[in-house]
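What follows is a set of notes on a single structure, which appears directly below.
There are 2 protein chains.
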Amino acid sequence: MTAVEQPETPLGHGNMRRKEDARFIRGRGTYVDDVTLPGMLHGAVLRSPYAHARIVSIDTSAAQAHPKVRAVITGETLAGLNLAWMPTLSHDVQAVLATDKVRFQGQEVAFVVAEDRYSARDALELIDVDYEALPPVIDARQALAEDAPVIRDDLEGRTDNHIFDWESGDAAATDDVFASAEVVAAQDMLYPRVHPAPLETCGAVADMDAVTGKLTVWTTTQAPHAHRTIYALVAGLPEHKIRIISPDIGGGFGNKVGIYPGYVCAVVGSIVTGKPVKWVEDRSENLMSTSFARDYHMHGEIAATKDGRILGLRVNVLADHGAFNGTAQPTKFPAGFFGVFTGSYDLEAAHCSVTGVYTNKAPGGVAYACSFRITEAVYLVERLVDVLAFDLGMDPAELRMKNLLRPEQFPYRSKTGWEYDSGDYPTALRAALDLADYPALRAEQALKRERGEQMGIGVAFFTEAVGAGPRKHMDILGLGMADGAELRVHPTGKAVLRLSCQTQGQGHETTFAQIVGEELGISPDDIDVVHGDTDQTPFGLGTYGSRSTPVSGAAAAVVARKVRERARIVASAMLEVSADDLEWEKGRWFVRGDVEAGRTIQEIALAAHSDLELPEGVEGHLDATCVYNPPNLTYPFGAYVCVVDVDADTGQVTVRRFVAVDDCGVRINPMIVEGQVHGGLADGVGMALMQVMAFDEDGNHLGGSFMDYLLPTSMECPSWELGETVTPSPHHPIGAKGIGESATVGSPAAVVNAVVDALRPFGVRHADMPLTPAAVWSAAQGTPLRTDLAIT
Amino acid sequence: MTAVEQPETPLGHGNMRRKEDARFIRGRGTYVDDVTLPGMLHGAVLRSPYAHARIVSIDTSAAQAHPKVRAVITGETLAGLNLAWMPTLSHDVQAVLATDKVRFQGQEVAFVVAEDRYSARDALELIDVDYEALPPVIDARQALAEDAPVIRDDLEGRTDNHIFDWESGDAAATDDVFASAEVVAAQDMLYPRVHPAPLETCGAVADMDAVTGKLTVWTTTQAPHAHRTIYALVAGLPEHKIRIISPDIGGGFGNKVGIYPGYVCAVVGSIVTGKPVKWVEDRSENLMSTSFARDYHMHGEIAATKDGRILGLRVNVLADHGAFNGTAQPTKFPAGFFGVFTGSYDLEAAHCSVTGVYTNKAPGGVAYACSFRITEAVYLVERLVDVLAFDLGMDPAELRMKNLLRPEQFPYRSKTGWEYDSGDYPTALRAALDLADYPALRAEQALKRERGEQMGIGVAFFTEAVGAGPRKHMDILGLGMADGAELRVHPTGKAVLRLSCQTQGQGHETTFAQIVGEELGISPDDIDVVHGDTDQTPFGLGTYGSRSTPVSGAAAAVVARKVRERARIVASAMLEVSADDLEWEKGRWFVRGDVEAGRTIQEIALAAHSDLELPEGVEGHLDATCVYNPPNLTYPFGAYVCVVDVDADTGQVTVRRFVAVDDCGVRINPMIVEGQVHGGLADGVGMALMQVMAFDEDGNHLGGSFMDYLLPTSMECPSWELGETVTPSPHHPIGAKGIGESATVGSPAAVVNAVVDALRPFGVRHADMPLTPAAVWSAAQGTPLRTDLAIT
């Protein structure tokens, strides 16, 4: 369906308009920058102009003398509060404000609190920092060189820039498969450093009440409870005296999971001045210093038989994490999410090793949609399959169909130990090929090639692993991934659902109300969803990695079922029959065999709050809580077909068609699912064709505005053609799998495969993202561009 | 202990300073009038100058033309919104703004919304109401006269001013006892109309968000959830779109249970203008139009043997409820709380009948501390016992001791069907007499009488019935009296307790934290108590009738025990032993027989939120909820001795000493209990000596300021001498009974008994409250004053 239709509110699952849109469309959302408190002050961050330098001295006296400045905070101030260093979510530490050295361009050096934002900015220029420049490490491939400067000399005993090595799969078995394989195709490829670039930048309003000792922080976070606990553990603030409010959030995509120095500075600013302090970064700060993603230098090899049976994968990765090791990488589960690099195929063996290094760039390793490196892994394997098809002269769709996992193999344990829950991959691929009319496309391509026109058809298949937990396998700084939900049904049968997850625009207020509506027969319009406020919601680790529906969605269904069972007891007291004799139909318990004798959930709710006498030991009201610990991840998947036209003379790529068949299990609100897919596909087009955070040799960041770092618009996107298959997750209460990131994961390979396919007449077997006009033109010329470094 | 000592925070029960005082003492509380919202408008109420009049017309045009007026609301406006009439908590209805008639002086007639409070007040004078005066009914004893005007002709079929008759006890058995009794003493007495007069008047800030449809009301209420549900049921507003916030409240005493027209007007004002609207009444409005209490004309008879064995009680009451039948009277439980008029004595039979009538006064029947008419009942029986002692020439303390219920009679079922839970009355009376040194007082009195000085000694004993539910016996508009509690223990072991009750200064934030601290071994400093916000707390019917500790306190203990049991499962997983092998000591589960092998609640809390693997089916975290439905009321009791000096020439009474021995079961924070008793005793002194809401014959209210309606100050109060006995309630989880109102209930009789005792040389057997100098002087002259009516 298209968005212009106006569906009626269903009693549960189904298309309905987003409840939150009423305020968003009218400009009545409340973002962090909309929060204004009496007496509020404004903060601004002084950032390093150097990628690598020693700080000789910081003179703040002139800034402090500014008539509107209330405080100037440096690392020294913070050290006095024991807040100089903060943990990253990967067990690293990061200076809140640099003291000894700056380690990336844009690093935070000082924080000014003033009466208005303009004065705060003006005063930054009055701070005199004496830097002694140091040689920077910008190219990850130079990070482990003998003579490379040691970036993290703040860490005790650190003598190089090595962070970690990890591997996944059976190296010996993989080598054996490769040794005996008929065909081996290898390819180096880069997944460039990109940025989530949410519509809203990061910010915080911190308000420390000196009398009650309560700290309230309105902040752009996808994980309010994790922030609260981390503030408590790290800063020694009492956890019950911290309230994190994450109001309306203008996009996250992983950019708003971690804690940034600016947040801490706002808090310290409020402690120091006794007033609320607002800090909101500008676009250039967001692009320069908040978490990046990708930056993977990958070498992949694929082994196969001559007739195209894929046997094995062998991968080496050099991962550039910047100056501090950021969000959640690698995680415990089997050995980081890159471990799903075996993709959607039936392999004999696979092995992968990843080495992480520090460089003088902003902290990386962020979980930018998607899911902790799955995007890179899917891109790698889907490019490798196309490279193999190139080498074998096979059709890439046919090659995939031949090697996809078969339905009867599920639940499937991958060669790297992942338990895929359910899937019917060939059906999804066939659906995509049918929707695209693949044979007709190939025929059209053949005709065009005869005319010297470059048309490309890219196929990609992906499997995601989303919905982190389970708690025993995953954590953030030791906090387990189980999510809370609370459901209260008011006397009149209206309800409020409180969730630990936090929306950044995904439509949670609608989807989760529909989940509860489906279980209880209460209209989603009568159910409010509350999230994003630690004072109002149960504990949980937030929204990222498409985990809201797999985890919080499951919690919502489970807690609604608990309420339904409580309602059954109340109904049995109302009807004076045994609870065992009651049957449920949507919204109503009735006496088995006498459908007239029943009570609606609304009638039951009123009775549960009334003077009705309940059996001994049965509590009144209709409230319930649940903590959901997922038994496994969920595994959405999909098949994408992209059609491009390439102008080989200018390098211009036009994405003419994009067919996406997604399987995210049961769809609660198909309209919202499709919206999520639309966004992710656009994201993929952007990464494939236009985005890279490039640096010059001094570490100067070359993507500080949307003039340099490009976002796709409707002009660059086709009218998406969507299809679906539905393979419910067997372990999820309602069979849903999560859709938030699927399209971002699957689409870049489809676009790149299409462009490379278009360039086949030029003998192009691979070209690195982003496929800008210059890159495409150069590839066609046989002289591929280095896209990540602007080194002449 | 005295308040100047500074106790350390105990781990549970015990003396500690109130956590809330940090903000109260520094003027950092947030009362309704402190709430200021952007664009907020201000409302003012136009009130009737007549006690009874027909409204011929209302012309608002001049007011509407005022440049700063945004809206003028009349009953007509409300009728359009279906909000013209609102329910009272006694199943009556009250006009929000009068349309046909005004029925008491001060009744709400119109509401002006303006840009500031001053303009709103100014514009009131521009409203032209044409009244046609009607004869008012002011004296309840005239209300049922043939020719009395029918006040509530708005009620269909109403032809007189009769509201209800109810009775309690066995009339025939009582008549038999009286017929054969050796002695019968009878006395008419008045419990005058008084006003709770809280420090903060009533008010509301209403904010209807036109986009989200959410109505937020900051309001002075003791029962936020009841308000929310009533708004939902009556106004048809969706309950999940209503948020009632009751912030810091400056005293309630029953005055802030019901819904007042001003609240509804503020809501309508916000709906009509699209802006937040604040309405805060001034002192004179509060005294004139918000709920009164008492106004009972009582005739009591007591039957006894010559040697002072009390056999029976027979009582008739005429209850003046004003123009609308207000808060919760009579209630279902056995037949209204006046039913405890049998007091603390072992009777053979008792009977009481009460007739309620309408008069042209402000709505009465409020539950002003205490408990729905128990204050009147205790006053009546304790005066009757003294009258009997007078007639028999017996010492009133001895007469009481002879007739008090004995410990072995508990649990005791009274002749009117009340199940007293526990008590040791003689011990309490003896403790009070000992503390007062009663024989020495009587000796002193004898000496003084010889010198012609009037010294009086008053003794009173009381039994209260508090802690409403149980749900099957009690309700407010059909809502049952079960209270919710939610407890979350954060990862670091700090906790938040969410309660449905609402404090008005009783120290809930401290006491309830101590209850949880006692059960879990978490410091009360580490536990935040949240209440007074329907969005943040579970459902329950609020705080009144000393029910917070009996009901919500029980809920707090039960929910903490649930958490302790959850912690046991987690500890068993941590320690890898069976949960059955664990033992609890304060704050810690340890392995039986190996006290070293244990985990503190804080360690358990962190593990419960970590990646610890829990047994199948066990949910993580350490949260729990509870809905507590009390199996019975609790029955605090106490013995009071009051010593007064009376100047018979001027009528001046000086309360020289006041000894109060209270038994409220287990004391959670003795310092807070003593503070509650101090306040209640002062309250009793005020009612006994100085307070009455009087009216002239036209229904003009004569107590519109604190110049007319007097409150006792420290100048009128002695240094209270407190004692205690502790008889735990057997059915309450921690044995607590509630203390909020005890002293208000017990002290008026003690003071009046003392004054009458002082006047014994003048032959005075009874004198009605308030015992003002004029009343005392007149009584001594043998010409008792009528105190309730200023009718010449």
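Protein sequences, first through last, are from chains A and B.
Under this note's numbering, the letters of the first sequence match residues 1 to 792, in that order.
Under this note's numbering, the letters of the second sequence match residues 793 to 1584, in that order.
C-beta atoms are modelled at their ideal positions from N, C-alpha and C, and glycine is treated no differently.
- Rounded to whole angstroms, the Cβ separation of threonine 1208 of chain B and glycine 961 of chain B is 5 Å, and the two are in contact under 8 Å.
- Of all residues in the stretch 511-529 of chain A, the ones placed with a Cβ closer than 9 Å to any Cβ belonging to chain B are Asp525, Asp526, Ile527, Asp528, in chain order.
- With distances taken between CA atoms, leucine 803 of chain B lies nearest to B:Thr1302 out of B:Thr1302, B:Gly1472, B:Leu1239.
- Listed along chain B, the residues sitting closer than 7 Å to leucine 233 of chain A by beta-carbon distance are Thr1284.
- The way I'd put it, the stretch 200-220 of chain A does touch the stretch 260-273 of chain A; three or more beta-carbon pairs between them come closer than 8 Å.
- Shown here for valine 864 of chain B: same chain residues with a beta carbon closer than 6 Å to its own, the five before and five after excluded, namely Thr852, Ala855, Gln856, Val904 in chain order.
- Sequence-distant Cβ neighbours of valine 1433 of chain B in its own chain, meaning closer than 6 Å and more than five residues away, are Ala1224, Ala1228, Val1251, Val1451.
- Contact with chain A is absent for glutamate 1368 of chain B, since none of that chain's Cβ atoms lies less than 8 Å from the residue's Cβ.
- Rounded to whole angstroms, the separation of the alpha carbons of arginine 1222 of chain B and isoleucine 271 of chain A is 56 Å.
- The stretch 678-693 of chain A and the stretch 736-747 of chain A touch, with no fewer than 3 CB-CB distances between them shorter than 8 Å.
- Within the DSSP bridge table, the entry for arginine 309 of chain A names no partner.
- Interface flag for valine 496 of chain A against chain B is set, since a Cβ pair is found closer than 8 Å.
- Cysteine 1418 of chain B is bridged by DSSP to B:Ala1277.
- Within chain B, not a single residue places a beta-carbon under 9 Å from that of glycine 12 of chain A; the smallest gap is close to 17 Å.
- In this structure, proline 224 of chain A keeps its C-beta atom at 8 Å or more from the C-beta atom of isoleucine 249 of chain A.
- Arginine 283 of chain A sits in a helix when the DSSP states are folded into three classes.
- A contact between stretches requires three or more CB pairs, one per stretch, nearer than 8 Å, and the stretch 182-192 of chain A meets this requirement with the stretch 288-305 of chain A.
- Here phenylalanine 111 of chain A is bridged, per DSSP, to A:Val45, A:Ile73.
- Counting along the chain, no beta strand (DSSP E) covers tyrosine 1052 of chain B, and no H or E run does either.
- Between the stretch 1416-1433 of chain B and the stretch 1271-1283 of chain B, the count of C-beta pairs closer than 8 Å reaches three or more; the two stretches touch.
- At a C-beta separation below 8 Å, glycine 1276 of chain B has these neighbours in chain A: His621, Asp623.
- Under the Cβ distance rule, leucine 1239 of chain B does not count among the residues neighbouring chain A, no pair being separated by less than 8 Å.
- Under the 8 Å Cβ criterion, the stretch 1136-1143 of chain B counts as touching the stretch 1101-1108 of chain B, having at least three qualifying pairs.
- In the DSSP assignment, valine 466 of chain A falls outside any beta strand (DSSP E), carrying neither H nor E.
- Judged by DSSP in its simplified three-state form, glutamate 1377 of chain B adopts strand.
- Under the DSSP assignment, valine 986 of chain B falls in the beta strand (DSSP E) whose first and last residues are 975-986.
- Under the Cβ distance rule, leucine 710 of chain A does not count among the residues neighbouring chain B, no pair being separated by less than 8 Å.
- Between the C-alpha atoms of phenylalanine 1182 of chain B and leucine 1172 of chain B there is a straight-line separation of about 15 Å.
- A Cβ-Cβ contact shorter than 8 Å links proline 984 of chain B with aspartate 1580 of chain B.
- Two segments are said to touch when three or more pairs of C-beta atoms, one from each, lie closer than 8 Å; by this definition the stretch 497-505 of chain A does not touch the stretch 1376-1394 of chain B.
- Glycine 1114 of chain B sits close to proline 1155 of chain B, with the two beta carbons spaced by under 8 Å.
- With its beta carbon at least 8 Å from every one in chain A, asparagine 874 of chain B lies outside the interface.
- Contacts between serine 610 of chain A and chain B, judged by CB atoms closer than 8 Å, involve Arg1263, Asp1267, Gly1270, Leu1271, Gly1272 in chain order.
- With 16 or more other Cβ atoms inside 10 Å of its own Cβ, lysine 1033 of chain B counts as buried.
- For glutamine 502 of chain A, not one C-beta of chain B is nearer than 8 Å to its own C-beta.
- The beta carbons of proline 841 of chain B and glutamine 886 of chain B sit about 19 Å from each other, so the pair does not count as a contact at 8 Å.
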